[in-house]
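Visitor: Residue numbers (the UniProt record's numbering): 1 to 60. Virtual Cβ for every residue (Gly too), placed ideally from N, Cα, C. Got a structure here, written out as structure tokens. Questions coming.
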Amino acid sequence: MNSQKIIEEKKNGDLILSFMVTQIVEIEDMILKWIPYIRVVSPLSLKDTIKDRLLSYIKT
1 MNSQKIIEEK KNGDLILSFM VTQIVEIEDM ILKWIPYIRV VSPLSLKDTI
51 KDRLLSYIKT
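So, in structure tokens, the structure goes:
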């Protein structure tokens, strides 16, 4: 994504990234592609949406 910014690079190689999007759905699918190598920190609404989608996948 063009708006991607690397906020911090951890000693173990992990990255903290920031993205600017106009709609949350722009980033949801990208996040799901990186499971289990990604963790949503904020916003909480996105974190909850991803959690709900994953739980839905498990139930089906």
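Kindly indicate which residue of Lys33, Val21, Leu15, Lys5 has the alpha-carbon position closest to the one of leucine 54.
Guide: Cα-wise, what sits closest to leucine 54 is Lys33.
Visitor: On the three-state DSSP scale, how would you describe isoleucine 50?
Guide: Helix.
Visitor: Once DSSP output is grouped into helix, strand and coil, what is the label at isoleucine 27?
Guide: Three-state result, isoleucine 27: helix.
Visitor: In the DSSP assignment, find the beta strand (DSSP E) that holds isoleucine 7 and state where it starts and stops.
Guide: That run of the beta strand (DSSP E) goes 5 to 9.
Visitor: If you draw a straight line from the C-alpha of isoleucine 31 to the C-alpha of isoleucine 38, how long is it?
Guide: The straight-line gap from Cα to Cα measures roughly 7 Å.
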